[in-house]
Amino acid sequence: MGGKKIIELPEGYDIRDIEKLIKEDKQEKKVNQYRRALSLFIEIIKETKHKVIITLDGRDTAGKGYTLKKMTEYLDTRVFNIVSFGGIPKPEERKNWFERYSSHFFSEEKIITLFDRSWYNRAIVEPVMDFCTLEEYEDFMKKVIGFEESIISDQNTHFRKVYLSISREVQKKRLEEREEIMKRWKSSKVDEVAQQKWEKYTYAKRQVLEKTNVELTPWHVIDSNIRYLAVIEVIKLLINSHQEVANIVSKKLKVNLKPNKKIYRLGKDELILMNKRGEYGKPFNLRKAE
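By this note's numbering, the letter at position 86 of the sequence shown is numbered 99, and the numbering carries on one by one without gaps.
Okay, here's the thing in structure tokens:
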């Protein structure tokens, strides 16, 4: 007799588990489409001798590490230089702040350098957590644009700085998930007070967007409440850093490399949005150097 086929679920599973797996599979296939585009981009750009630097900044749990992992998964790791600093910088690193990062820019084989948090730690995390002095903060804000202009003074180097933006509710949920035994290793002192210091982080973000968003090195803001969509946008941004190569990739693979305007915007537009929402934050009081 005809009729619907009955599917027996594995022991311990219910229909919600299956629906979740199907959803994740669809998302992975979408990300993989853009990984293929990135792979072709790498093949072509190798021949041009050009290099790319991408920095990812944002609040705790915004998905910086996750994004870099998913971007580069299954690709030739030899071309990527993924840089992530843990802990509070040593005294000598504090004195040579920009050199701490620029020393990791390129090597012979590594043509794409990706930063999981960048030199903007000095303007985002450190002032909020009282890890830096007023003088260190002001010195950074005075010099950072010049530092970034020196990066792009080499016409073979393409630089993009990204701020991954999440809502307070999503951050709260992700922090709670980190309390699970298998994820506790991800937690840090900074994570513990992320929600408590939300308004100060908002202020830090505003200061950065207001003072370091310039025409030559603008901020690219990507909503990362939905992780896989953020991954795709960062891949697009990386590929579009070299427009000629991006056009070849788009045409050959028939892939859409236009930004998703629902989750992507330039820094100046993010400021307009923050103003509409009344997101001004709470100023931090930095200590003076002794």
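C-beta: ideal position from N, C-alpha, C; glycine also.
Note that the structure is predicted; figures quoted are calculated from it, not measured.
Alpha carbon of residue i to alpha carbon of residue j, nearest angstrom
i	j	result
Ile137	Phe144	11 Å
Pro296	Lys62	44 Å
Phe128	Tyr214	20 Å
Tyr216	Tyr293	6 Å
Asn109	Lys265	44 Å
Arg48	Ile252	10 Å
Arg91	Glu205	35 Å
Lys59	Val221	33 Å
Asp38	Tyr114	36 Å
Tyr241	Glu41	8 Å
Gln209	Met287	20 Å
Ala13	Gln184	Look at the range of the chain in this structure, 14 to 303, and you will see that residue 13 is not part of it.
Ile164	Lys103	24 Å
Arg107	Val268	43 Å
Pro231	Lys186	30 Å
Ser263	Ile57	13 Å
Val7	Arg300	Any question about residue 7 goes unanswered here, given that the chain covers just 14 to 303.
Phe160	Phe111	8 Å
Asp89	Lys64	15 Å
Phe54	Glu151	38 Å
Reference residue i; option with closest CA among the options
i	options	result
Gly280	Tyr241, His255, Val227	Val227
Arg173	Lys249, Lys42, Lys156	Lys249
Thr170	Pro140, Thr74, Ile66	Ile66
Ala302	Arg135, Glu223, Glu149	Glu149
N-terminal and C-terminal residue of the alpha helix (DSSP H) that residue i is part of
i	result
Phe160	147-165
Arg290	280-290
Ile125	Note, Ile125: premise wrong, no alpha helix (DSSP H); beta strand (DSSP E) at 125-129.
Arg300	Run containing Arg300: none; DSSP gives neither H nor E here.
Boundaries (first-last residue) of the beta strand (DSSP E) holding residue i
i	result
Asp236	232-236
Leu177	170-178
- Query: Counting pairs of beta carbons, one from the region 121-129 and one from the region 182-195, are three or more of them closer than 8 Å?
  - Reply: The region 121-129 makes no contact with the region 182-195; the number of CB pairs closer than 8 Å stays below 3.
Threshold first: 4 residues or longer. Then list the alpha helix (DSSP H) segments lying entirely within the region 49-122, N to C. Whole alpha helix (DSSP H) segments, 4+ residues: 77-85, 104-108, 110-115.
Exercise. Counting pairs of Cβ atoms below 8 Å between the region 77-94 and the region 144-154, do you hit three or more?
Worked result: no
Given 8 Å, three or more beta-carbon pairs between the region 244-261 and the region 270-278
yes
### Message
Below 8 Å, how does it come out for the region 232-242 and the region 173-190: are there three or more Cβ pairs, yes or no?
### Response
Three or more Cβ pairs closer than 8 Å define a contact, and the region 232-242 meets that threshold against the region 173-190.
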